[in-house]
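Trainee: Residue numbers (mature numbering (1 follows the signal peptide of the UniProt record, and there is no 0)): -20 to -1, 1 to 195. Right, I'll just put the structure down here and ask away after.
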């Protein structure tokens, strides 16, 4: 019995050490990735957003573009445009030709959006290194994040990081129902031109637009 107990104890200790090592590796991967993006003055990206089926293929998808400069961003996706200039938030819906204006609160923005995925791990998540995968000639490191808040609608998040240049290739989100949402970066441009005027909605460029000011 004593021998069995020692074996079980050793297995638990080994498992704990492996978990700690994975956690340290995950931290290093995420820190290097985050540093890469935060050191940029700005960036722009084109991405594909959609839901994924059990065969790991998207069952429906949308294309999007985003330009980010600090806390400011301009996002185009699924018939909408979102402008954030650091003070106000403009949400334009093409189908209704209407724009809603609200006060901009960075804390209220979707934490898994293309503008914040690079820093979400720093607060409210536990994370571990999951695996290394090869796609074509590139190697990627996958880190899995789990929310510390058990009441979160999110079950887990997997971020795929290019091993060589630390850029984010994609991230996948599972909700509590098992639904999987995927963001895949198709094109990325660091330090992209980003004049401040592109982060504020200009109604002259949208003839007949209805403006709803909710500030």
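The beta carbon of each residue, even a glycine, is placed where N, CA and C say it ideally should be.
I'd like the list of long-range same chain contacts for residue 75, defined as Cβ closer than 7 Å, with 5 residues on each side in sequence excluded.
Mentor: Start at 1 with the first residue of the chain shown, and residue 75 comes out as number 95. Closer than 7 Å at Cβ, skipping near neighbours: 59.
Trainee: Ignore the nearest five residues each way along the sequence and tell me which others in residue 128's own chain have a CB closer than 7 Å to its CB.
Mentor: Numbered from 1 along the chain shown, position 148 holds the residue referred to as residue 128. The answer, listed in chain order, is 104, 105, 106.
Trainee: With distance defined between alpha-carbon atoms, name the residue in 150, 183, 189 nearest to residue 30.
Mentor: As a working note, residue 30 is residue 50 in the chain shown. Closest option to residue 30, Cα to Cα, is 150.
Trainee: Tell me which residue opens and which closes the alpha helix (DSSP H) that residue 3 is part of.
Mentor: Translated into positions along the chain shown, residue 3 becomes position 23. Residue 3 -> alpha helix (DSSP H) spans -19 to 18.
Trainee: Could you tell me if residue 101 is buried or exposed, where buried requires 16 or more neighbouring beta carbons within 10 angstroms of its beta carbon?
Mentor: Along the chain shown, one-based indexing puts residue 101 at 121. It counts as buried.
Trainee: How would you call residue 46, buried or exposed, if buried means at least 16 neighbouring beta carbons within 10 angstroms?
Mentor: Locating residue 46 in the chain shown gives position 66, where the first residue counts as 1. Classification for residue 46: buried.
Trainee: For residue 97, name the three-state secondary structure that DSSP assigns.
Mentor: Within the chain shown, the letter at position 117 stands for residue 97. In this structure, residue 97 counts as coil in the three-state DSSP scheme.
Trainee: Any beta-carbon of chain C closer than 7 Å to the one on residue 182?
Mentor: Included in the structure is just one protein chain, with no chain C present.
Trainee: Nearest by alpha-carbon distance to residue 41: which of 32, 130, 155 is it?
Mentor: For the purposes of this step, residue 41 is taken as the residue at position 61 of the chain shown. Nearest of 32, 130, 155 to residue 41, Cα basis: 32.
Trainee: Relative to the alpha-carbon of residue 98, which residue among 193, 50, 132, 154 has its alpha-carbon at the smallest distance?
Mentor: Locating residue 98 in the chain shown gives position 118, counting from the first residue. Among 193, 50, 132, 154, the Cα nearest to that of residue 98 is on 50.
Trainee: Around the C-beta of residue 167, are 16 or more other C-beta atoms found within 10 angstroms, so that it is buried, or is it exposed?
Mentor: Residue 167 sits at position 187 when you count from the first residue of the chain shown. Per the 10 Å Cβ criterion, exposed.
Trainee: Rounded to whole angstroms, what's the CA-CA distance from residue 191 to residue 78? Just pull it up for me.
Mentor: Working through the chain shown from its first residue, we reach residue 191 at position 211. Working through the chain shown from its first residue, we reach residue 78 at position 98. For residue 191 and residue 78, the distance between alpha carbons rounds to 6 Å.
Trainee: Could you tell me the alpha carbon to alpha carbon distance between residue 142 and residue 17, rounded to whole angstroms?
Mentor: Translated into positions along the chain shown, residue 142 becomes position 162. Translated into positions along the chain shown, residue 17 becomes position 37. Computed Cα separation, rounded: 13 Å.
Trainee: Could you tell me which of 43, 68, 96, 67 sits nearest to residue 56, measuring between CA atoms?
Mentor: In the chain shown, residue 56 corresponds to position 76, counting from 1. Cα-wise, what sits closest to residue 56 is 43.
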